[in-house]
Amino acid sequence: MGIAGLGSIGQHIAGTANHFGLDVIGYKRRASDVPGVRRVYAGDEWGEFLEGLDYLVLTLPDTPETHHLVDAEALKRLPARAWVVNVGRGPLIDSEALAEALRDGHIAGAVLDVFETEPLPADSPLWDLENCYVTPHVAAESFPEDIVEIFRRNYARYRDGEALDYVIDFARGY
């Protein structure tokens, strides 16, 4: 399994995959060790990362660098047995290229929770493909008690002059 995006969500998926005995590799902006990930690819190693994957799981943010990261060329590097799973952001995938790869059997299937245009337009070819599973942007769970706990911890950190958790870097886009 290859996970593109090794933030908290990607790391959680890696840990879960490890429990099922899956070998996990990852891709992120800068290579560094990540628990549960055998090898981390970075930067211009995208094509090498894709080769041989059974599952490509996308948890990346939508930035200029990640827009259409999964395009026709990337899809051709995946083996025909590969599945693409997107729980990150819709614009990571070129939808037209994905529909063509699914229709032509270049990849085995896709599971999509996010789309370039949401909701997924009624005329999208993805609806008609038997090897494409669509969910309505429900992969992430947020519970009010989780939000309250995050706020409580961050308030205490702020009060104590410590760095806050979950800070958004607007320059990076996430």
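For the sequence shown, counting from 1, position 99 maps to 103 in the numbering used here; every step adds exactly one.
Beta carbons: idealized from backbone N, C-alpha and C, even for Gly.
Secondary structure note for Ile29: its beta strand (DSSP E) is the uninterrupted segment 29–32. Put simply, the backbone Cα of Ala46 is about 9 Å away from that of Ser36. Taking 8 Å as the upper bound for CB-CB distance, Arg85 and Asp117 are not in contact here, some 22 Å apart. In the three-state reduction of the DSSP assignment, Ala143 falls in the coil class, being assigned neither a helical nor a strand state. Shown here, Ile17 sits in a helix according to DSSP, grouped into three states.
Trp87 and Pro68 have their C-alpha atoms roughly 24 Å apart.
Taking all protein chains in view, the Cβ of Asp48 is surrounded by fewer than 16 other Cβ atoms within 10 Å, so the residue is classified as exposed.
Looking at Val44, Asn90, Asp127, the one whose alpha-carbon comes closest to that of Ile29 is Val44. DSSP lists Val115 as the beta-bridge partner residues of Tyr137.
In the DSSP assignment, no residue is bridged to Trp50. For Phe155, the closest alpha carbon among the candidates Tyr170, Ala143, Ser128, His71 is that of Tyr170. Assignment of beta-bridge partners to Trp87 by DSSP yields Tyr59, Gly113.
For Ala167, there is no enclosing alpha helix (DSSP H), as DSSP marks it with neither H nor E. Short of 8 Å from the beta carbon of Trp131, and not among the five residues preceding or following it, lie these beta carbons of its own chain, in chain order: Leu124, Val138. Counting the other CB atoms within 10 Å of its CB gives Val142 a total below 16, which places it among the exposed residues. When the five nearest sequence neighbours on each side are left out, the beta carbons in the same chain lying within less than 8 Å of the beta carbon of Leu54 are those of Gly6, Leu60, Ala78, Arg81, Leu82, in order along the chain.
Per DSSP, Gly94 has no beta-bridge partner at all.
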